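2 protein chains.
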Amino acid sequence: MTKVYLAGPDVFLPDALEIGRRKAGLCARYGLTGLFPLDNAVALAAHDASLQIFRGNQAMMDAADAIIANLTPFRGPSADAGTVYELGYMAGRGKLVLGYSNDPANYVDRTRRFETITERDSLLIGADGLAVEDFGLPDNLMLIHCLELHGAPLVTPPAAPADIWHDLTTFEACVQIAAKRLRPKAAS
Amino acid sequence: MTKVYLAGPDVFLPDALEIGRRKAGLCARYGLTGLFPLDNAVALAAHDASLQIFRGNQAMMDAADAIIANLTPFRGPSADAGTVYELGYMAGRGKLVLGYSNDPANYVDRTRRFETITERDSLLIGADGLAVEDFGLPDNLMLIHCLELHGAPLVTPPAAPADIWHDLTTFEACVQIAAKRLRPKAAS
């Protein structure tokens, strides 16, 4: 079976298990097996629970042929750090790397939601005094171009859906791309 | 020569070139060659400047034996997304992965600086309604345990230095670890 690792801050949702089931169900519809991090059996009370989760997620990624990463901004203008780590890990392993964001805004506009941006010598400067990346991309250029070169361009909706954490339209678009790339005969 | 890729939001500092020179100088002191992203020759006015930067950074990472990542929180409770991507990429490539943060606070306390955290069913919930990871770690568990298993534990100061963006004490500690691991004979 062709396996896809389902990365995202979805694991932090109150209904994370249900989202995982919906995502796996969409994968199955296209002949793919979705691996959701919460499928790891981890005793959360264990003293080394976080290490067990890491090991479980890494084993899942190593077993997977592709990653579909939810890169919707999380607690700031950028995607969730854990998800971005996994994106990089899978790119480094030479796997197919796909991602979506339910927020189509570019990085400068996303940053403006949290702080005032000023202009100095035609550079945009954030409240921290550090430059705000200004290439018209939705997030840091490493993430965006990684997707183009190791998979397919970031999938975004024309406008943010009413429920950015539960609308799976852009996720399903990624599943379709994964199926076409990884199971070309079945898809044709 | 043993090469180390120097990742971090340092590239967004107003004195990024100077920081890059200081970091490369510290590497040289321990017999290592530091590769700083801004060393890539990129025409920033080019229509594909961001893609050129990506390609340059990826080529640097592929040429490097290790990464030292500045994981000091950036525009939110977590590390810079581009840096985290590079951490994952290097781990995926099987390279030595080291990192430091000049902010030793744990993730829950970092998040509290930006939003109110509530408790529900003994889970910490952020302003977005999503759970706040609560393992007593400084950042998302994927980053922290990646360092332990692919390199060395995150290096942090006992307390945040006065200038978190220019104090290179924790960076130098990472350089020392890199030198010991990659050039054991020279270091002994």
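Chains as they are written, first to last, in this note's numbering: chain C, 1 to 188; chain B, 1001 to 1188.
We treat Cβ as the ideally placed atom computed from N, Cα and C, and that holds for glycine.
Quick caveat: nothing in here was measured; it's all calculated off a predicted structure.
Query, Result
"Check whether chain C comes within 8 Å of B/Phe1036, counting only Cβ atoms and requiring the distance to be less than that.", "no"
"Thinking B/Phe1171 and B/Ile1067 are a contact (beta carbons under 8 Å), I'd like their distance in whole angstroms, please.", "12 Å between Cβ atoms; not a contact."
"Taking Cβ-Cβ distances shorter than 8 Å, what residues in chain B pair up with C/Met142?", "Phe1054, Asn1057, Ala1081, Gly1082, Tyr1085, Glu1086"
"List the whole-angstrom C-beta distance separating C/Leu143 from B/Tyr1085, where the pair is believed to meet the contact cut-off of C-beta under 8 Å.", "6 Å"
"Please classify C/His150 as buried or exposed, where buried requires at least 16 other C-beta atoms within 10 Å of its C-beta.", "buried"
"Tell me, which residues are paired with B/Ala1131 by DSSP?", "B/Ile1125"
"Does DSSP put C/Gly151 in a helix, in a strand, or in coil?", "strand"
"Alpha carbon to alpha carbon, how far is B/Pro1037 from B/Asp1015?", "14 Å"
"For a contact defined as C-beta to C-beta under 7 Å, what are the partners of C/Ser122 on chain B?", "Under the 7 Å cutoff, chain B gives no residues; its nearest Cβ is about 11 Å from C/Ser122."
"Please identify the residue among B/Pro1073, B/Val1004, B/Tyr1100, B/Ala1059 whose C-alpha is closest to the C-alpha of B/Thr1169.", "B/Tyr1100"
"Go ahead and pull the three-state DSSP assignment for B/Thr1033.", "strand"
"Is the shortest distance between the beta-carbon of C/Phe12 and the beta-carbons of chain B less than 8 Å?", "yes"
"B/Ala1028 to C/Met61, Cα distance in whole Å?", "36 Å"
"Beta carbon of B/Gly1094, beta carbon of C/Leu87: below 8 Å?", "no"
"Kindly list, in the order they appear in chain B, the residues whose Cβ is closer than 8 Å to that of C/Leu111.", "For the record, residue 111 of chain C in the displayed sequence is Thr; it is not Leu. Ordered by position in chain B, the residues that pass the 8 Å Cβ test against C/Thr111 are Arg1075."
"Rounded to whole angstroms, what is the Cα-Cα separation between B/Val1011 and B/Ala1079?", "14 Å"
"Given a cut-off of 8 Å, decide if B/Gly1082 and C/Asn140 are closer than it, judged by their beta-carbon atoms.", "yes"
"Any idea if B/His1047 is buried or exposed, counting beta-carbon neighbours within 10 angstroms, 16 or more meaning buried?", "exposed"
"I want to verify the contact list: residues of chain B whose CB lies under 9 Å from the CB of C/Ser50, in sequence order.", "Glu1133, Phe1135, Gly1136, Leu1137, Leu1141, Ile1144, His1145"
"Is B/Arg1093 close to chain C? Criterion is C-beta to C-beta, closer than 8 Å.", "yes"
"Which value, in whole angstroms, describes the spacing of the CA atoms of C/Ala49 and B/Ala1173?", "28 Å"
"Which of the three DSSP states, helix, strand or coil, is assigned to C/Asn40?", "coil"
"Which complete beta strand (DSSP E) runs does the stretch 75-116 of chain C hold, if anything under 3 residues is left out?", "96-100"
"Return helix, strand or coil for C/Ser183, following the three-state DSSP convention.", "Note that residue 183 of chain C is Arg in the sequence shown, not Ser. C/Arg183 falls in the coil class under three-state DSSP."
"State the CB to CB distance for the pair B/Pro1153 and B/Tyr1107, rounded to an integer number of angstroms; the pair is presumed to be in contact (CB under 8 Å).", "The pair is not a contact, with the Cβ atoms about 16 Å apart (cut-off 8 Å)."
"Let's see if you can read the secondary structure: which residues bound the beta strand (DSSP E) around C/Asn70?", "66-70"
"Check whether the Cβ atoms of C/Asn40 and C/Gly56 lie closer than 8 Å to each other.", "yes"
"Between B/Val1132, B/Glu1115, B/Thr1111, which has its C-alpha nearest B/Asp1121's C-alpha?", "B/Val1132"
"Does the Cβ-Cβ distance between C/Leu182 and C/Asp65 come in under 8 Å?", "yes"
"Which residues in chain B sit within 9 Å of C/Phe171, going by Cβ to Cβ distance?", "What C/Phe171 touches in chain B: nothing, since even the nearest Cβ is about 17 Å away."
"How is the alpha helix (DSSP H) around B/Leu1051 delimited, first residue to last?", "1049-1063"
"Would a C-beta distance cut-off of 8 Å place B/Lys1003 and B/Leu1035 closer than the cut-off?", "yes"
"For B/Pro1104, which residues in the same chain have their Cβ closer than 8 Å to its Cβ, ignoring the five residues on either side in sequence?", "Pro1138, Thr1156, Pro1157, Pro1158, Ala1159, Ala1160"
"Assign C/Pro184 to one of two classes, buried (16 or more other C-beta atoms within 10 Å of its C-beta) or exposed (fewer than that).", "exposed"
"So, is the C-beta of C/Gly126 closer than 8 Å to a C-beta in chain B?", "yes"
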